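In terms of the working numbering, the sequence shown opens at residue 1 and continues consecutively.
Beta carbons: idealized from backbone N, C-alpha and C, even for Gly.
This structure is a prediction, so every number in the text was calculated from the model and none was measured.
Below is one structure, written out as structure tokens, with a few remarks after it.
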Amino acid sequence: MSAIIGTEQYKWYFNNPSGVLQGAIGSALAAGSVLGSLAAGPLSDKIGRRDSIFVACIFWLIGTAVQVSVQNVGQLIAGRIINGITVGITSSQVPVYLAEIARKEKRGSLIIIQQLAIEWGILFMFFIGYGASFIGGPRTTTSFRFAWGTQFIPCVLLMVGIPFLPRSPRWLAKVGRKEEAIHNLAKIQANGNLNDPLVIAEWDEITTVLEAERSAGPGWQKFIKRGMWKRTLAGMSVQAWQQMSGANAMVYYVVYIFSMAGLSGNINLISSGVQYALFIIFTTVMFFFIDRTGRRGLLIWGAIAMGICHFIVAGLLSAGEYNPNGWYDNPNVVIRVTGPRANAVIFFCYLLIVVYALTLAPVAWIYAAEVWSLETRATGMALAATANWIFNFALGLFVPPAFKNITWKTFIVFGVLCMGAAVQAFFTYPETAGKTLEEIEHLFSHDGPLPWKTKKGESTLDAKVKEIADQSEEKRAMAMREEIEGGKTEQVENITQ
1 MSAIIGTEQY KWYFNNPSGV LQGAIGSALA AGSVLGSLAA GPLSDKIGRR DSIFVACIFW
61 LIGTAVQVSV QNVGQLIAGR IINGITVGIT SSQVPVYLAE IARKEKRGSL IIIQQLAIEW
121 GILFMFFIGY GASFIGGPRT TTSFRFAWGT QFIPCVLLMV GIPFLPRSPR WLAKVGRKEE
181 AIHNLAKIQA NGNLNDPLVI AEWDEITTVL EAERSAGPGW QKFIKRGMWK RTLAGMSVQA
241 WQQMSGANAM VYYVVYIFSM AGLSGNINLI SSGVQYALFI IFTTVMFFFI DRTGRRGLLI
301 WGAIAMGICH FIVAGLLSAG EYNPNGWYDN PNVVIRVTGP RANAVIFFCY LLIVVYALTL
361 APVAWIYAAE VWSLETRATG MALAATANWI FNFALGLFVP PAFKNITWKT FIVFGVLCMG
421 AAVQAFFTYP ETAGKTLEEI EHLFSHDGPL PWKTKKGEST LDAKVKEIAD QSEEKRAMAM
481 REEIEGGKTE QVENITQ
């Protein structure tokens with residue numbers, strides 16, 4: 001969308017929307033995402049993580065069809081809201097699914113794949129929108145209809161591939177499908193070997209923690225009682241801070257920001273596209289390092305660095321030339337800098353995106369997926385994603401009129417918010433890297449360690465696996481056979497004692 005809003009065809013057909021109207025168009029996707037996130041938890045708990053993603057694809061097909069056939073701004077907003085329902089479901093449940101099937105030492109990098117897929121999609125759509133702008137003349141609609149129509153392709157491919165993916169063994173255990181859960185866990189962790197020590201140890205953890213969690217309070221009480229309020233705070237706030245850091249607003253409205261730096265036309269669009277390429281490159285870097293570096297430090301120092309970038313951009317733009325009617329026929333861009341100041345604005349915008357790609361962009365989704373208990377994970381992650389999309393929606397409405405009314409001070413606001421994110425991360429976010437989802441339970445318990453004293457790793461699962469590995473193959477096989485056939489969980493526990 002960010003490439004399309006700068007094209008002549010879009011401005012002509014939709015009468016060059018600005019201020020609140022453009023904010024409404026931009027934030028419509030986020031509004032739908034809030035609806036999708038709210039529905040995602042109950043849907044995922046009912047039909048499973050995998051199948052909820054398939055349902056989300058159906059909404060995407062409908063929303064895309066509405067956009068391709070658009071006749072007015074109202075229909076465009078409606079199509080983006082419907083697409084947003086898909087985004088709300090997938091953004092909350094894909095991290096849950098990946099977290100529940102991943103090994104503890106690979107969980108972060110696996111969830112980053114989702115972030116990378118999103119970024120590649122953004123990059124492709126940006127340049128598809130840019131390339132499509134050359135289709136027809138400035139008074140045709142073929143360009144943006146074609147660009148939006150290409151969104152059918154990845155959706156259909158995903159729908160074809162979903163049935164071949166395994167269901168989450170943790171969800172299967174949660175709904176009482178024990179035999180299928182054990183077999184899926186064995187396929188994921190040990191190529192189908194039911195007697196593998198890792199499978200036995202992890203199944204023991206899953207069932208033990210699940211039984212304890214089922215004694216939690218009913219309904220929404222489970223999100224605030226017995227230390228759960230700490231997880232609810234962490235999961236929802238890390239998602240809110242990801243949006244309030246201002247990076248996503250900058251990504252969406254980068255064409256406007258680079259217009260403030262004196263760029264226009266195709267040069268502006270191409271320079272904006274470079275930002276998406278940087279996003280992908282540096283998120284890819286984190287794919288290889290995220291499980292070595294941990295989560296806490298990246299959230300704290302990333303927020304601080306982003307805040308500094310915002311303050312510098314604000315200082316540079318504060319000396320800009322003001323035009324109340326807007327520069328480059330864009331009423332949202334009322335200040336402009338040129339020369340070295342303009343180059344510095346572009347540089348620090350790029351630097352902010354680099355820092356974001358290395359820190360908050362991937363880590364916020366990883367952390368939010370890790371902090372919940374099995375009993376609350378689907379709905380908890382849905383709550384976290386809802387917080388993300390509520391602030392995304394608010395910022396989508398806020399940014400265009402903010403650029404018009406408070407101009408460079410918009411970046412001061414984002415800078416202050418980034419510093420607030422760093423402070424909260426230091427005091428309330430324990431380190432989760434290298435621990436199993438079940439071990440993370442202890443970090444948020446009443447007798448858990450202080451967040452700033454937690455460290456990466458220190459998992460007890462490895463010792464349990466080694467202990468089970470010392471048992472005979474026959475004893476392990478007997479224990480798992482009895483478990484599958486309906487024997488008590490104590491049979492598995494006995495071999496770990």
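- CA-to-CA, the gap between MET159 and ASN184 works out to about 21 Å.
- The residue among ILE308, ARG231, THR338, SER109 with its C-alpha nearest the C-alpha of TYR429 is ARG231.
- At the C-beta level, PHE444 and VAL371 come within 8 Å of one another.
- Between the stretch 47 to 66 and the stretch 126 to 135 there are fewer than three inter-stretch CB-CB distances shorter than 8 Å, so the stretches are not counted as touching.
- In this structure, the CA atom of MET480 is about 7 Å from the CA atom of ASN195.
- ALA102 and LEU110 have their alpha carbons spaced roughly 7 Å apart.
- Cα atoms of LEU157 and ALA319: separation of roughly 49 Å, rounded to the nearest angstrom.
- In the three-state scheme derived from DSSP, where H, G and I count as helix and E and B as strand, ASN191 is classed as coil.
- Going by C-alpha positions, SER264 is about 46 Å away from LYS456.
- Setting aside the 5 residues that flank it on each side, LEU116 is surrounded in the same chain by THR283, each with a C-beta closer than 6 Å to its C-beta; the list follows chain order.
- Rounded to whole angstroms, the separation of the alpha carbons of GLU485 and LEU351 is 57 Å.
- Beta-bridge pairing by DSSP links TYR322 to ILE335.
- Collapsing the DSSP output to three states places TRP408 in coil.
- Around GLN151, the same chain offers THR64 as residues with beta carbons nearer than 6 Å, after the five sequence neighbours per side are excluded.
- Cβ-Cβ distances below 7 Å link HIS446 to GLY227 in the same chain, with the five nearest sequence neighbours on each side left out; the list follows chain order.
- For the pair ALA361 and ALA384, the CB atoms are not nearer than the 8 Å cut-off.
- By the C-beta criterion, the stretch 391 to 407 is judged not to be in contact with the stretch 280 to 297, since fewer than 3 inter-stretch pairs fall below 8 Å.
- Contact between the stretch 16 to 34 and the stretch 340 to 354 is absent, with fewer than three C-beta pairs closer than 8 Å.
- For GLN67, the enclosing alpha helix (DSSP H) stretches over residues 49 to 68.
- Judged by DSSP secondary structure, ASP447 falls outside any alpha helix (DSSP H); it is assigned neither H nor E.
- Cα atoms of GLY136 and MET250: separation of roughly 29 Å, rounded to the nearest angstrom.
- Taking C-alpha positions only, ILE468 is separated from GLU438 by approximately 18 Å.
- Sequence-distant partners of ILE77 (beyond 5 residues in either direction) whose C-beta falls short of 7 Å from its own C-beta, in its chain, are ALA24, ILE25, ALA28.
- Partner residues in the beta bridge of TRP327, as assigned by DSSP, are ASN330.
- By a beta-carbon distance limit of 8 Å, TRP60 contacts ASN83. Their separation comes to about 6 Å.
- C-alpha of MET478 to C-alpha of PRO166: approximately 25 Å in a straight line.
- With fewer than 16 neighbouring CB atoms inside 10 Å of its own CB, ILE281 falls in the exposed class.
- Inter-residue distance for PHE14 and ALA247 is about 27 Å (C-alpha atoms, whole angstroms).
- With contact defined as three or more Cβ pairs closer than 8 Å, the stretch 408 to 427 and the stretch 309 to 325 are in contact.
- When secondary structure is reduced to three states using DSSP, GLU439 falls in the coil class, being assigned neither helix nor strand.
- Across the structure, TRP301 and GLU431 are spaced so that their CA atoms are roughly 14 Å apart.
- Distance from the CA atom of LYS178 to the CA atom of HIS310, rounded to whole angstroms, is 51 Å.
- THR142 and TRP12 have their alpha carbons spaced roughly 13 Å apart.
- ALA173 sits away from GLY262, with the two beta carbons spaced by 8 Å or more.
- In this structure, LEU43 lies near ILE89, with their beta-carbon atoms less than 8 Å apart.
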